[in-house]
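**Student:**
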Amino acid sequence: MRLTSLFAGVLCLATLAGCAGSRTAVAPAPSWTFESPVKAGYYIGIGSASKLAHPLDADAVAKQQALDNLSREIRVQVQSTSTTKTLQVNDWLSESFNFSSESTTNEDLEGFTLVDTYATETEVMVYYQLSKAEHARIQEAKRQTALALSMEHLETARAARGLVQVQQVVDAAVRGLDVLRPFLDKPLVHVAADGTETSVPLELVGLLDDCVAELQLASADSSVTLNVSDAFRGDVVVTALLDGKPAPNVTLSYRYDRSEFPTRGEAVTNAQGEATITLEKFEPGKRGTALEVRVEPKAFVQGLPLLHPFRQAAEGLQSAPLRVEVTLTPIKVSLRIEERAFGKKRDQAMLAPAIQQALQSANVSLLAEDANADMVLTVEADARPGGSGQGFTTVYTDLVGTVTNSEGEVLFTQTLTRIKGIQIDLLRATDAAYTKASEEITSDFVPALIRLWHGF
Numbered sequence: 000m001r002l003t004s005l006f007a008g009v010l011c012l013a014t015l016a017g018c019a020g021s022r023t024a025v026a027p028a029p030s031w032t033f034e035s036p037v038k039a040g041y042y043i044g045i046g047s048a049s050k051l052a053h054p055l056d057a058d059a060v061a062k063q064q065a066l067d068n069l070s071r072e073i074r075v076q077v078q079s080t081s082t083t084k085t086l087q088v089n090d091w092l093s094e095s096f097n098f099s100s101e102s103t104t105n106e107d108l109e110g111f112t113l114v115d116t117y118a119t120e121t122e123v124m125v126y127y128q129l130s131k132a133e134h135a136r137i138q139e140a141k142r143q144t145a146l147a148l149s150m151e152h153l154e155t156a157r158a159a160r161g162l163v164q165v166q167q168v169v170d171a172a173v174r175g176l177d178v179l180r181p182f183l184d185k186p187l188v189h190v191a192a193d194g195t196e197t198s199v200p201l202e203l204v205g206l207l208d209d210c211v212a213e214l215q216l217a218s219a220d221s222s223v224t225l226n227v228s229d230a231f232r233g234d235v236v237v238t239a240l241l242d243g244k245p246a247p248n249v250t251l252s253y254r255y256d257r258s259e260f261p262t263r264g265e266a267v268t269n270a271q272g273e274a275t276i277t278l279e280k281f282e283p284g285k286r287g288t289a290l291e292v293r294v295e296p297k298a299f300v301q302g303l304p305l306l307h308p309f310r311q312a313a314e315g316l317q318s319a320p321l322r323v324e325v326t327l328t329p330i331k332v333s334l335r336i337e338e339r340a341f342g343k344k345r346d347q348a349m350l351a352p353a354i355q356q357a358l359q360s361a362n363v364s365l366l367a368e369d370a371n372a373d374m375v376l377t378v379e380a381d382a383r384p385g386g387s388g389q390g391f392t393t394v395y396t397d398l399v400g401t402v403t404n405s406e407g408e409v410l411f412t413q414t415l416t417r418i419k420g421i422q423i424d425l426l427r428a429t430d431a432a433y434t435k436a437s438e439e440i441t442s443d444f445v446p447a448l449i450r451l452w453h454g455f
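Numbering (numbering that gives the first Met the number 0), first residue to last: 0 to 455.
(1) Would you mind giving the Cβ-Cβ distance between residue 400 and residue 412, rounded to the nearest angstrom? I have them listed as a contact below 8 Å.
(2) Under 6 Å Cβ to Cβ from residue 195, same chain only, skipping five residues before and after it: list those, please.
(3) Using the beta-carbon count (16 or more within 10 Å), is residue 149 buried or exposed?
(4) Going by DSSP, what residue range makes up the alpha helix (DSSP H) through residue 152?
(5) What does a CB cutoff of less than 7 Å around residue 29 pick up in its chain, not counting 5 residues either side in sequence?
(6) Taking C-alpha atoms, which residue in 280, 122 and 364 lies nearest to residue 52?
(7) Assuming residue 398 and residue 379 make a contact with CB atoms under 8 Å, what is their CB distance in whole Å?
(8) Which whole runs of the alpha helix (DSSP H) in the stretch 356-423 are 4 residues long or more, in chain order?
(9) Starting from residue 115, trace the alpha helix (DSSP H) in both directions and tell me its first and last residue.
(10) With DSSP run on the structure shown, which of helix, strand or coil describes residue 232?
(11) Can you give me the C-alpha to C-alpha distance between residue 295 and residue 362, rounded to a whole angstrom?
(12) Note down, in chain order, each residue of its chain lying with its Cβ closer than 7 Å to the Cβ of residue 71, except the 5 sequence neighbours on either side.
(13) In chain order, what residues of the same chain lie with their CB nearer than 6 Å to the CB of residue 169, ignoring the 5 residues before and after it?
(14) Based on Cα-Cα distance, which residue from 331, 327, 330 and 350 lies nearest to residue 338?
(15) My guess is that residue 449 and residue 354 are in contact by the Cβ rule of under 8 Å, so how many angstroms apart are they, rounded?
(16) Output the boundary residues of the beta strand (DSSP E) element that contains residue 336.
(17) Taking residue 430 as part of the alpha helix (DSSP H), name the residues at either end of that continuous run.
(18) For residue 161 and residue 243, I'd like the C-alpha separation in whole angstroms.
(19) Alpha carbon to alpha carbon, how far is residue 255 from residue 109?
(20) Can you tell me whether DSSP reads residue 62 as helix, strand or coil?
(21) Ignore the nearest five residues each way along the sequence and tell me which others in residue 451's own chain have a CB closer than 6 Å to its CB.
(22) So, residue 231 versus residue 281, is the Cβ gap smaller than 8 Å?
(23) Please state the DSSP three-state secondary structure of residue 346.
(24) Can you give me the start and stop residues for the beta strand (DSSP E) that residue 287 sits inside?
(25) Which word fits residue 269, buried or exposed, when buried means at least 16 other C-beta atoms lie within 10 angstroms of its C-beta?
(26) Under the rule that 16 or more other beta-carbon atoms within 10 Å means buried, what is residue 35, buried or exposed?
(27) Looking at the secondary structure, which residues open and close the alpha helix (DSSP H) in which residue 52 lies?
(28) Identify which residue in 58, 56 and 124 has its Cα closest to the Cα of residue 44.
(29) Among 260, 259 and 265, whose alpha-carbon lies nearest the alpha-carbon of residue 250?
(30) Quick one: what's got a C-beta closer than 6 Å to residue 386's C-beta in the same chain, skipping five residues either side?
(31) Indicate whether residue 173 and residue 309 have their beta-carbon atoms separated by less than 8 Å.
(32) Reducing DSSP to helix, strand and coil, say where residue 249 ends up.
(33) What residue range is occupied by the uninterrupted alpha helix (DSSP H) comprising residue 479?
(34) For the alpha helix (DSSP H) that residue 167 lies in, which residues bound it at each end?
(35) Counting only the same chain and skipping the five closest in sequence on each side, list residues whose C-beta sits under 7 Å from that of residue 437.
What follows is the structure, given as structure tokens:
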């Protein structure tokens with residue numbers, strides 16, 4: 000019995016020893032997996048990925064995260080040590096630097112090395128480092144390359160300025176500044192072979208500002224007068240000048256009030272630096288306005304990406320606007336009004352006062368004679384009996400309105416017939432018919448005539 004117990008105990012110990020010997024030893028986790036290392040002279044990037052969340056590509060995800068963290072550390076340290084001297088050139092350069100810093104990607108990283116990796120059954124971890132000295136060397140080489148390229152853009156912009164090609168100046172200057180955007184926290188002075196130093200961002204921005212600011216807008220006349228003979232339509236020719244020379248392909252924006260709301264538009268200068276702006280379709284009653292013309296800075300950056308910082312900054316490029324006073328000459332109208340009843344001239348005039356009041360509210364000057372009139376408005380009206388019954392009398396009024404110009408040409412004609420008046424006797428029925436005729440001619444005929452005069 001005692002031998003049996005001893006044998007069982009030995010067998011149990013042997014079994015336990017065999018189980019313990021079959022287990023695989025797990026390497027202890029390195030210190031960098033739970034405490035981020037601090038190494039003077041190096042940027043550090045550590046990333047991890049769950050094998051459960053990324054069963055097929057946990058290694059690649061961990062490496063990507065490590066590079067993201069490495070890039071983020073570089074960005075934070077660059078921002079914390081950047082000087083503001085370069086950024087004070089203007090707001091756009093400052094905003095561009097911030098934009099470039101925030102958009103740094105892993106593709107910008109070069110010279111980094113893989114220090115170590117660590118994996119468990121559930122996780123993969125990766126450790127990258129990048130020598131600050133190596134990173135600085137690479138960035139300096141890129142900066143010098145960017146300076147050389149931006150100088151080429153600067154020379155292109157200067158040449159375009161000499162040829163008065165404003166759009167080409169803007170394009171070249173923006174390209175030059177774009178090249179420098181990743182390095183706006185560093186000195187950006189180009190040193191030529193002969194020792195000439197050029198602060199490239201300052202030169203590019205200054206060229207942009209000066210080129211647009213020195214654009215001058217001119218017109219042959221400081222005021223224009225529009226007349227009814229042209230349906231209150233006229234052209235204003237505006238010339239864009241740079242250094243006294245015509246500037247082609249410059250977009251101008253303009254506005255003027257032709258109704259209750261302002262009218263806006265754009266025009267582009269031709270090869271002679273001229274742009275034609277047409278003024279038309281003024282609402283009746285409008286007596287004058289002012290045409291305001293200015294260089295449209297946003298047009299210079301239409302080809303840039305929607306999120307490009309210079310799209311917003313372009314609004315700061317301003318030049319002196321042009322103002323042209325516009326006057327609408329009152330329409331000189333002579334009236335010829337004949338009011339008849341049953342073929343005989345009426346003693347009481349009802350149409351004339353109504354027509355005069357309707358015309359005077361629309362910038363019309365009424366003349367007693369035809370000689371100096373722009374237009375002659377002739378209205379011929381006659382009343383005719385329409386029958387009677389049950390103690391009431393009906394009268395119809397027919398009228399014809401005709402407008403001729405100073406040469407006697409017919410411009411407008413309208414006929415209104417069977418305008419009914421009903422009253423207890425013929426005289427009152429005639430007055431009632433003429434009252435309705437007055438209402439119709441002021442609500443229909445005169446407004447249509449006035450709109451015709453204004454080009455509608």
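Where a beta carbon is used, it is the ideal one built from N, C-alpha and C, also for glycine.
None of these values were measured; they are calculated from a predicted model.
**Tutor:** From the atom records:
(1) For the purposes of this step, residue 400 is identified with residue 401 of the sequence shown, where counting begins at 1. For the purposes of this step, residue 412 is identified with residue 413 of the sequence shown, where counting begins at 1. Right, their Cβ atoms sit about 7 Å apart.
(2) Along the sequence shown, read from residue 1 onward, the residue named residue 195 stands at position 196. Within its own chain, no residue has a Cβ closer than 6 Å to the Cβ of residue 195 once the five positions on either side in sequence are excluded.
(3) Taking the first residue of the sequence shown as 1, we reach residue 149 at position 150. By the neighbour-count rule (16 or more Cβ atoms within 10 Å), residue 149 is buried.
(4) In the sequence shown, the residue the question calls residue 152 occupies position 153. From DSSP, the alpha helix (DSSP H) with residue 152 extends over 131-161.
(5) For the purposes of this step, residue 29 is taken as the residue at position 30 of the sequence shown. The beta carbon of residue 29 lies closer than 7 Å to those of 115 and 117 in the same chain, with the five residues before and after it left out.
(6) For the purposes of this step, residue 52 is taken as residue 53 along the sequence shown, with counting starting at 1. The candidate whose alpha carbon is nearest that of residue 52 is 122.
(7) One-based indexing of the sequence shown puts residue 398 at position 399. One-based indexing of the sequence shown puts residue 379 at position 380. About 7 Å separates the beta carbon of residue 398 from that of residue 379, a gap short enough to meet the 8 Å contact definition.
(8) The qualifying runs do not exist here; there are none.
(9) Locating residue 115 in the sequence shown gives position 116, counting from the first residue. First-last for residue 115: 112-118, but that is the beta strand (DSSP E), not the alpha helix (DSSP H).
(10) Reading the sequence shown from its first residue, position 233 is the one you call residue 232. The three-state reading of DSSP puts residue 232 in coil, since its state is none of H, G, I, E or B.
(11) Reading the sequence shown from its first residue, position 296 is the one you call residue 295. Reading the sequence shown from its first residue, position 363 is the one you call residue 362. Near 34 Å, if we compare the C-alpha coordinates of residue 362 and residue 295.
(12) Numbered from its first residue, the sequence shown carries residue 71 at position 72. Cβ neighbours of residue 71 within its own chain (closer than 7 Å, five residues either side excluded): none.
(13) Numbered from 1 along the sequence shown, position 170 holds the residue referred to as residue 169. Counting only Cβ-Cβ distances below 6 Å, and skipping sequence neighbours, we find 299.
(14) Within the sequence shown, numbered from 1, the residue matching residue 338 stands at position 339. Of 331, 327, 330 and 350, the residue nearest in Cα terms is 350.
(15) Your numbering for residue 449 matches position 450 in the sequence shown. Your numbering for residue 354 matches position 355 in the sequence shown. In fact, because the Cβ distance is near 11 Å, the residues do not count as touching under 8 Å.
(16) The count along the sequence shown starts at 1 and reaches residue 336 at position 337. Per DSSP, residue 336 belongs to the beta strand (DSSP E) from 330-340.
(17) Along the sequence shown, read from residue 1 onward, the residue named residue 430 stands at position 431. Start and end: 425-439.
(18) Taking the sequence shown and counting its residues from 1, one reaches residue 161 at position 162. Taking the sequence shown and counting its residues from 1, one reaches residue 243 at position 244. Taking the straight line from one Cα to the other gives about 12 Å.
(19) Start at 1 with the first residue of the sequence shown, and residue 255 comes out as number 256. Start at 1 with the first residue of the sequence shown, and residue 109 comes out as number 110. Between residue 255 and residue 109, the C-alpha separation is close to 57 Å.
(20) Locating residue 62 in the sequence shown gives position 63, where the first residue counts as 1. Correct three-state label for residue 62: helix.
(21) Mapped onto the sequence shown, residue 451 falls at position 452. 411.
(22) As a working mapping, residue 231 is identified with position 232 in the sequence shown. As a working mapping, residue 281 is identified with position 282 in the sequence shown. Their beta carbons are under 8 Å apart, which means residue 231 touches residue 281 by this criterion.
(23) Sequence index remark: in the sequence shown, residue 346 carries index 347 (1-based). Residue 346 falls in the coil class under three-state DSSP.
(24) Within the sequence shown, residue 287 is the residue found at index 288, counting from 1. Note, residue 287: beta strand (DSSP E), 287-294.
(25) Residue mapping note: residue 269 aligns to position 270 of the sequence shown, counting from 1. By the Cβ neighbour-count rule, residue 269 is exposed, with fewer than 16 other Cβ atoms within 10 Å of its own.
(26) By 1-based counting over the sequence shown, the position of residue 35 is 36. Classification of residue 35: exposed, given that the 10 Å Cβ count is below 16.
(27) Against the sequence shown, residue 52 aligns to sequence position 53. Neither: residue 52 is in no alpha helix (DSSP H) and is coded neither H nor E.
(28) By one-based count along the sequence shown, residue 44 stands at place 45. Considering only alpha carbons, the answer is 124.
(29) Start at 1 with the first residue of the sequence shown, and residue 250 comes out as number 251. Answer by Cα proximity: 265.
(30) Here the question's residue 386 lines up with position 387 in the sequence shown. Same-chain partners within the cutoff: 393.
(31) One-based indexing of the sequence shown puts residue 173 at position 174. One-based indexing of the sequence shown puts residue 309 at position 310. Yes, they are a contact pair.
(32) As a first step, residue 249 must be located in the sequence shown, where it is residue number 250. The three-state secondary structure of residue 249, taken from DSSP, is coil.
(33) No information on residue 479 is available, as it lies outside the stretch 0 to 455 that the chain covers here.
(34) To locate residue 167, count along the sequence shown from 1; it is residue 168. From DSSP, the alpha helix (DSSP H) with residue 167 extends over 165-179.
(35) Counted from its first residue, the sequence shown places residue 437 at position 438. The beta carbon of residue 437 sits closer than 7 Å to those of 349, 350 and 353, all from its chain and outside the five residues before and after it, given in chain order.
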